[in-house]
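Position one of the sequence shown corresponds to residue 28 (the numbering used here), numbered consecutively onward.
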Amino acid sequence: MFRTICTFARFVRIPTSTLLRQGGVKCWSIGGASSFTRGFCDKNHGGIPPCKNQGQAKMVEVHEGVRPLTWLLGQWESIEAKGSYPNTNSFNYTETLKVTHLGQPVLNFYSETWLEGLPFHDETGFIKMKQGTSRVAYICAQNIGLVEIEEGELDGTSIEFIPEEPSVLRTSFGTKALGATALKRTFRLDSEGILEQIVYMSTFKVPMTKHLHVKYKKRDTANL
Ligand code: HEM
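Right under this line is the structure:
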């Protein structure tokens with residue numbers, strides 16, 4: 028049955044993310060050190076669609092350049108997510124954070140949040156490492172019209188990403204995006220397998236202050 032679904036998905040070129048959003052199927056599961064690449068072509072002619080070989084996903088190992096970050100890989104679901112900011116009512120929200128790789132020296136991530144049951148703040152980007160060092164970069168685009176870059180040092184299973192100057196760029200419109208001037212983030216995996224992220228933000232009016240605190244549990248995608 029799984030084989031039939033996967034063959035069909037490749038034939039009609041359904042992206043992995045769509046399959047996972049719709050419940051997922053075993054052969055497309057994510058989250059381990061091994062992962063499926065997106066469709067590729069082995070005929071060495073570019074493989075750019077339309078190519079009849081496109082869609083033949085293959086298993087790849089995590090690239091050695093980001094192997095120290097393997098602990099971040101997976102489909103994480105919030106078990107507790109709280110937000111606050113000066114002069115703002117504190118709030119609870121939910122989040123899913125997918126961290127994947129395609130065998131390249133970079134991790135890809137996609138975070139979706141819901142506030143009061145409705146889609147709210149989304150982010151997507153990449154996490155890279157400077158080869159031969161513990162320097163890690165966090166590169167992120169947000170649906171509020173803001174892009175950010177922070178860098179930090181990997182310390183076991185924790186990283187503190189500090190804003191680089193300038194750390195954010197904003198669209199010329201959109202009130203929320205206009206407010207933020209810098210972000211700082213910490214990620215930490217504890218011995219119980221709980222991933223924690225804390226986000227600090229400064230605005231034109233408020234110095235660096237905690238905005239978000241989320242704890243995630245890894246979803247077991249192996250038996251989907
Ligand atoms: C890390 C990325 C984020 C940035 C840059 C950001 C930015 C901001 C800014 C600039 C404000 C206005 C602060 C003020 O008025 O002083 C704000 C408020 C707020 N944020 Fe965030 N935010 C982020 C993530 C989130 C997430 C993930 C949620 C919840 C899912 C959230 C929910 C809220 C709420 C409820 C408010 C207060 C009401 C409002 O202004 O809409 N934010 N945020």
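Ideal Cβ placement from N, Cα and C applies to all residues, glycine included.
Taking the Cα positions, asparagine 119 is about 17 Å away from methionine 228. Scanning the stretch 113–158 for uninterrupted alpha helix (DSSP H) segments of 4 residues or longer gives nothing; none is fully contained. Placement of the Cβ of leucine 142 at a distance of less than 7 Å from at least one heavy atom of the ligand HEM is found.
At least one heavy atom of the ligand HEM lies less than 7 Å from the C-beta of glutamine 169. Residue nearest to glycine 144 within the set Glu122, Lys211, Lys245, Gly130 is Glu122 (criterion: CA-CA distance). DSSP places leucine 173 in the strand class (E or B) of the three-state scheme. Residue burial annotation: glutamine 224 is buried, with at least 16 other C-beta atoms found within 10 angstroms of its C-beta.
In this structure, methionine 228 has its beta carbon less than 7 Å from a heavy atom of the ligand HEM.
Counting C-beta pairs with one atom in each stretch, the stretch 228–245 and the stretch 102–111 have three or more that are closer than 8 Å, which means they touch.
Boundaries for lysine 244: no alpha helix (DSSP H) harbours it, while the beta strand (DSSP E) harbouring it runs 236–245, taken from the DSSP string. When DSSP states are grouped into helix, strand and coil, glutamate 192 belongs to the strand group. Annotated three-state conformation of threonine 97 is helix, per DSSP. Under DSSP, the beta-bridge partners assigned to glycine 110 are Phe118, Leu239. In this structure, the CA atom of leucine 222 is about 26 Å from the CA atom of proline 234. Aspartate 217 has its alpha-carbon roughly 31 Å from the corresponding atom of proline 193. Excluding the 5 residues flanking it on each side, glycine 220 has same chain C-beta neighbours closer than 8 Å at Lys244, Lys245, in chain order. It is roughly 12 Å from the alpha-carbon of methionine 156 to the alpha-carbon of isoleucine 186. Shortest Cα-Cα distance from glutamate 178 to any of Thr236, Asn114, Ile189, Leu96 involves Ile189. Between the ligand HEM and histidine 240, a heavy atom-to-CB distance of less than 7 Å is absent.
Around the Cβ of threonine 127, a 10 Å sphere holds 16 or more other Cβ atoms; the residue is buried.
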